[in-house]
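Colleague:
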Amino acid sequence: MNRRRFLVAGGILVAAPWLPARATPDAVAAAMREVTGGAPLQQGLVRLDLPGMVENGNAVGMTVGVDDPPSPVRSLHVFADGNLLPNVLHARFGPAAFRPHVATRIRLASSQTVHAIAVLQDGACWTGSVDLVVTLAACLE
Amino acid sequence: MARILLNVPKQVRRGEAVEIKLLISHPMETGQRRDETGQVVPRNIVREVVCTFNGAEVVRLELFPAISANPFIHVAARAEASGPVVLTWTDDLGAVQTETAQVEVV
Chain A
277 MNRRRFLVAG GILVAAPWLP ARATPDAVAA AMREVTGGAP LQQGLVRLDL
327 PGMVENGNAV GMTVGVDDPP SPVRSLHVFA DGNLLPNVLH ARFGPAAFRP
377 HVATRIRLAS SQTVHAIAVL QDGACWTGSV DLVVTLAACL E
Chain B
4 MARILLNVPK QVRRGEAVEI KLLISHPMET GQRRDETGQV VPRNIVREVV
54 CTFNGAEVVR LELFPAISAN PFIHVAARAE ASGPVVLTWT DDLGAVQTET
104 AQVEVV
């Protein structure tokens, strides 16, 4: 083994453990397609409240909702593209729901974009996203 | 068995929101962590949370490992008539727990 090949192999060995720490863009797109069924995504309508600067990724307060839906909201879906698994939450609303809102606390593995999708009763899909910086990641240890 | 805290208002005016807050005491193991011996800690998360008010479904949540340990959830139901808020969760180990709280609609 010459010096160049040794260095390349070493680089792969060092980099490899970190490769799966983030979902691939394909995996994120596939997870989103699963909830929209291929319907086009329209920007807006969905309100996703998350802090822009996150100090601790282990518990980040998040509120997702639609304020004035033109047709009732069937479901809300949240995806984190910087987590190993992009799915965060699926909420399906029943007849007794007052408003299509859910608040919870989520884990974020790195600085990333969090996406929310609302699927309405008429089949329309709306989306909103938040870019955020995570200083202390939700660690794997 | 994990503990569950369900917080609802005692009295709500008809047509207004019943704010339902719950806190489940659950580790939400992601299945990505390793213990001291290097063994992967098996995944154990609350998979599904179903909330009903007066027999009608308010919301059905599917949770993933990206939800923090000891999940906190806040949703709202429409107050039409007095009745119980019933909350049921299921985790990966098959544990099912139900909690009920009475709400009076005036």
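So the sequence lines, in the order shown, correspond to chains A and B.
Take the first sequence: its letters are residues 277 to 417, numbered as in the numbering used here.
Take the second sequence: its letters are residues 4 to 109, numbered as in the numbering used here.
The beta-carbon is built from N, C-alpha and C at its ideal position, and this holds for glycine as well.
Computed from a predicted structure; not experimentally measured.
Using DSSP bridges, identify the partner residues of Leu26(B).
Modeller: Counted from its first residue, the second sequence places residue 26(B) at position 23. Leu26(B) pairs with Leu8(B), Phe75(B).
Colleague: Could you tell me the distance, in whole angstroms, from the CA atom of Asp407(A) to the CA atom of Ala400(A)?
Modeller: For this step, residue 407(A) is matched to residue 131 along the first sequence. For this step, residue 400(A) is matched to residue 124 along the first sequence. Their Cα atoms are separated by approximately 24 Å.
Colleague: Could you tell me whether the Cβ atoms of Pro371(A) and Ala82(B) are closer together than 7 Å?
Modeller: Taking the first sequence and counting its residues from 1, the one referred to as residue 371(A) is at position 95. Taking the second sequence and counting its residues from 1, the one referred to as residue 82(B) is at position 79. No, they are not a contact pair.
Colleague: Quick one: what's got a C-beta closer than 7 Å to Gln105(B)'s C-beta in the same chain, skipping five residues either side?
Modeller: On the second sequence, position 102 is the one that residue 105(B) refers to. Closer than 7 Å at the Cβ level, and outside the excluded window around Gln105(B), lie Pro87.
Colleague: Just checking my contact of Ala394(A) with Val322(A) at CB under 8 Å: how many whole Å lie between their CB atoms?
Modeller: For the purposes of this step, residue 394(A) is identified with residue 118 of the first sequence, where counting begins at 1. For the purposes of this step, residue 322(A) is identified with residue 46 of the first sequence, where counting begins at 1. That pair is a contact at about 5 Å.
Colleague: Leaving out the 5 sequence neighbours to the left and right, which residues in its chain are closer than 6 Å to Leu64(B) when beta-carbon positions are compared?
Modeller: As a first step, residue 64(B) must be located in the second sequence, where it is residue number 61. Only Val52 meet the Cβ criterion.
Colleague: So, helix, strand or coil for Val410(A), using DSSP?
Modeller: As a first step, residue 410(A) is located in the first sequence; it is residue number 134 there, counting from the start. Strand at Val410(A).
Colleague: I'd like the list of long-range same chain contacts for Arg381(A), defined as Cβ closer than 6 Å, with 5 residues on each side in sequence excluded.
Modeller: Locating residue 381(A) in the first sequence gives position 105, where the first residue counts as 1. Around Arg381(A): Ala335, Gly337.
Colleague: Buried or exposed for Arg6(B), going by 16 or more other Cβ atoms inside 10 Å?
Modeller: Against the second sequence, residue 6(B) aligns to sequence position 3. Looking at its Cβ environment, which holds fewer than 16 other Cβ atoms inside 10 Å, Arg6(B) is exposed.
Colleague: Could you tell me if Arg309(A) is buried or exposed, where buried requires 16 or more neighbouring beta carbons within 10 angstroms of its beta carbon?
Modeller: Here residue 309(A) corresponds to residue number 33 of the first sequence, with the count starting at 1. Exposed is the call here.
Colleague: Any residues in the region 59-75 of chain B with a beta carbon nearer than 8 Å to a beta carbon of chain E? Which ones, in chain order?
Modeller: The chain labelled as chain E is not found among the protein chains of the depicted structure, namely A and B.
Colleague: Between the alpha carbons of Ile76(B) and Val390(A), how many angstroms are there, rounded?
Modeller: Here residue 76(B) refers to the residue found at position 73 of the second sequence. Here residue 390(A) refers to the residue found at position 114 of the first sequence. Their Cα atoms are separated by approximately 18 Å.
Colleague: Please go through the same chain and pick out, in chain order, the residues whose beta-carbon is closer than 6 Å to the beta-carbon of Phe56(B), but skip the five residues on each side of it.
Modeller: Here residue 56(B) refers to the residue found at position 53 when the second sequence is read from its first residue. Around Phe56(B): Ala80, Val88.
Colleague: Quick check on DSSP: helix, strand or coil for Arg309(A)?
Modeller: Counting from 1 along the first sequence, the entry for residue 309(A) is found at position 33. Three-state result, Arg309(A): helix.
Colleague: If you follow the beta strand (DSSP E) that Gln105(B) is in, where does it begin and where does it stop?
Modeller: Taking the second sequence and counting its residues from 1, one reaches residue 105(B) at position 102. Gln105(B) -> beta strand (DSSP E) spans 99-108.
Colleague: Is there a Cβ of chain B sitting closer than 7 Å to that of Pro346(A), yes or no?
Modeller: Counting from 1 along the first sequence, the entry for residue 346(A) is found at position 70. It does not; no Cβ of chain B falls within 7 Å.
Colleague: Among Gly333(A), Ala367(A), Asp357(A), which residue has its Cα nearest to the Cα of Val61(B)?
Modeller: Along the second sequence, one-based indexing puts residue 61(B) at 58. It is Ala367(A).
Colleague: Counting only beta-carbon atoms, is His77(B) nearer than 7 Å to chain A?
Modeller: Mapped onto the second sequence, residue 77(B) falls at position 74. So, interface residue.
Colleague: Compile a chain-ordered list of the residues in the region 370-391 of chain A whose CB is closer than 7 Å to at least one CB of chain B.
Modeller: Those would be Gly370, Pro371, Ala372, Ala373, Phe374, Arg375, His377, Val378, Ala379, Thr380, Arg381, Ile382, Arg383, in chain order.
Colleague: Alpha carbon to alpha carbon, how far is Thr403(A) from Leu360(A)?
Modeller: Translated into the one-based positions of the first sequence, residue 403(A) becomes position 127. Translated into the one-based positions of the first sequence, residue 360(A) becomes position 84. Straight-line Cα distance between these residues: approximately 21 Å.
Colleague: Since I believe Phe374(A) is in contact with Val364(A) (beta carbons under 8 Å), could you give me their beta-carbon distance rounded to a whole number of angstroms?
Modeller: Sequence index remark: in the first sequence, residue 364(A) carries index 88 (1-based). Sequence index remark: in the first sequence, residue 374(A) carries index 98 (1-based). Not really, about 22 Å apart at Cβ, beyond 8 Å.
Colleague: Count the other CB atoms within 10 Å of the CB of Val49(B); is the residue buried (16 or more) or exposed (fewer)?
Modeller: On the second sequence, position 46 is the one that residue 49(B) refers to. Val49(B) comes out buried.
Colleague: Would you say Val109(B) and Gln14(B) are within 7 Å of each other, going by their C-beta atoms?
Modeller: What you label residue 109(B) is simply residue 106 of the second sequence in a count that begins at 1. What you label residue 14(B) is simply residue 11 of the second sequence in a count that begins at 1. Closer than 7 Å, so yes.
Colleague: So, is Ser347(A) buried or exposed, given that buried needs 16 or more other C-beta atoms within 10 angstroms?
Modeller: Mapped onto the first sequence, residue 347(A) falls at position 71. It is exposed - the Cβ of Ser347(A) has fewer than 16 other Cβ atoms within 10 Å.
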